[in-house]
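Below is one structure, written out as structure tokens; the observations come after it.
Numbering (this note's numbering), first residue to last: 525 to 704.
Set out below in structure tokens:
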């Protein structure tokens with residue numbers, strides 16, 4: 525059964541944690557619009573143990589000035605080769621949203637309060653400045669429509685329950701769409 529989920533949310537909200545649960549427990553394949561960007565960044569600047577959020581944001585937006593669909597095109601190629609269950613971990617732009625809807629994705633917003641997100645980012649050692657969290661790619665997330673919301677202000681067990689409910693809801697909708 526084909527299941528496609530695109531996660532949106534601000535940095536530190538828990539999108540990767542949701543994706544990890546889907547990959548490890550439900551057989552999803554993980555894709556990201558930023559996969560090609562991160563590979564490009566590694567080729568130019570070398571490996572880094574610390575995520576340079578500002579550099580990735582600026583490099584990504586610079587490439588979008590030449591082709592607004594650049595990251596969508598890269599992801600679309602990967603999507604063509606992907607299996608039936610796919611989770612996209614980094615939906616942040618309106619054109620990415622439109623692409624995902626055309627491709628049949630359910631849009632799930634992962635939300636966490638600002639103080640929770642900042643603590644998570646610090647705990648994982650992200651290299652960022654407070655203004656990076658007000659970058660246009662972070663702010664654009666607020667305008668992305670979503671089908672379901674995961675509130676990730678609680679503990680890991682609460683997140684697991686919400687992801688299980690998401691999968692159950694999605695599976696029930698898919699089954700109800702089938703003709704007898």
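Here a beta-carbon is modelled for each residue, glycine too, at the ideal position from N, C-alpha and C.
If you're wondering where the values come from, they're calculated on a predicted model, not measured in any experiment.
* What do you get for residue 569, buried or exposed, if any count of 16 or more other CB atoms within 10 angstroms of its CB means buried? -> Exposed, because fewer than 16 other Cβ atoms sit within 10 Å of the Cβ of residue 569.
* **residue 553 (DSSP reduced to helix, strand or coil)** => Strand.
* **Residue nearest to residue 504 in terms of C-alpha spacing, selected from 537, 687, 533** => Because residue 504 is not part of the residues shown, which for the chain are 525 to 704, the question remains open.
* Asked: Helix, strand or coil for residue 614 per DSSP?
  -> Looking at residue 614 - three-state DSSP - the assignment turns out to be strand.
* **Extent of the continuous beta strand (DSSP E) run through residue 528** => For residue 528, the uninterrupted beta strand (DSSP E) segment begins and ends at 527-532.
* To do: Scan the stretch 628-678 and note each continuous alpha helix (DSSP H) run of 4 residues or more that stays entirely inside, going in chain order.
  => Counting only runs of at least 4 residues, the stretch 628-678 fully encloses the following alpha helix (DSSP H) elements, listed from N- to C-terminal order: 638-647, 660-663.
* To do: Within its chain, find whatever has a CB closer than 6 Å to the CB of residue 660; leave out the 5 residues flanking it on each side and keep chain order.
  => Here the set comprises nothing.
* Taking one C-beta from the stretch 623-630 and one from the stretch 527-544 each time, how about it: are there three or more such pairs within less than 8 Å? -> Yes, they touch.
* Residues that residue 761 bridges to, as DSSP identifies them -> Residue 761 is absent from the model: the chain starts at 525 and stops at 704.
* Asked: To the nearest angstrom, how far is it from the Cα of residue 665 to the Cα of residue 616?
  -> When rounded, the distance between both Cα atoms is 5 Å.
* **Three-way DSSP call (helix, strand, coil) for residue 702 in this model** => Caution applies to residue 702, whose pLDDT of 44 falls short of 50 and renders its modelled position unreliable; the value that the coordinates give is listed next. In the three-state DSSP reduction, residue 702 falls in the coil class, being neither helix nor strand.
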